[in-house]
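Heads up: the sequence shown runs through residues 1 to 124, numbered per the UniProt record's numbering. Okay, structure first, notes after.
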Amino acid sequence: MFGRKNEKIKVNPEAVDTLIGKGTEIKGTVKATGVLRIEGKVEGELESTGDIIVAETGVVNAQLKARNAVIAGEVNGNIFLSGKLEIKSSGKVLGDLRVEGIIVEDGAFFQGRCEMDRTKEDES
């Protein structure tokens with residue numbers, strides 16, 4: 001509906017560089033390189049040069065900046081991605097988006113504005 005193909009974001013779960021585990025709570029700014037997986041709670045700001053995965057148990061009350069993101073948990077905050085956002089059926093996103101592309105599975109929840117930056121696609 002929003003793109004030419006329904007291409008899922010491919011993130012190898014074994015390629016996770018940083019894990020914020022279940023039961024862990026962090027307040028402040030988290031900056032990571034590579035793939036960042038959140039299973040716990042984060043409040044503040046999240047930034048990764050790679051991808052961010054918010055697992056079903058993950059709760060993020062923060063602004064999120066990354067390449068791609070897969071949301072299966074809850075995100076309360078604005079999301080800025082140079083690539084795609086995928087909201088899984090268990091995912092809940094409350095905030096504004098600025099992304100290149102978006103995939104929303106049936107059952108997912110999204111409330112906010114979405115701005116799509118299609119510059120890369122327009123150049124091809």
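Note that beta-carbon positions come from the ideal geometry of N, C-alpha and C, so glycine has one too. Just so it is clear, the structure is predicted and the values come from calculations on it, not from any experiment.
I need the boundaries of the beta strand (DSSP E) containing residue i, first residue and last residue.
i: R98; result: L97 to V99
i: R37; result: V35 to I38
i: D17; result: V16 to I20
i: T29; result: E25 to A32
i: E115; result: C114 to M116
Have a look at the options and flag the residue whose alpha-carbon is nearest the alpha-carbon of residue i.
i: A32; options: G40, G83 and S48; result: S48
i: E86; options: A62, V60 and V54; result: V54
i: K75; options: G107, K41 and D17; result: Note that residue 75 is Val in the sequence shown here, rather than Lys. The candidate whose alpha carbon is nearest that of V75 is K41.
Please work out which residues of its chain come closer than 8 Å, Cβ to Cβ, to residue i, disregarding the five sequence neighbours upstream and downstream, and give them in chain order.
i: R113; result: D96 and L97
i: R67; result: S48, T49, G50, D51, L81, S82 and G83
Among the residues of its own chain, which have a CB less than 6 Å from the CB of residue i, if the five just before and after it don't count?
i: G58; result: I38, E39 and G73
i: D117; result: E100
Tell me the start and end of each unbroken beta strand (DSSP E) in the region 46-95 that is at least 3 residues and wholly inside, in chain order.
Taking 3 residues as the minimum length, the beta strand (DSSP E) runs contained wholly in the region 46-95 are 52-54, 59-66, 69-71, 74-76, 79-81, 84-87 and 92-94, in order along the chain.
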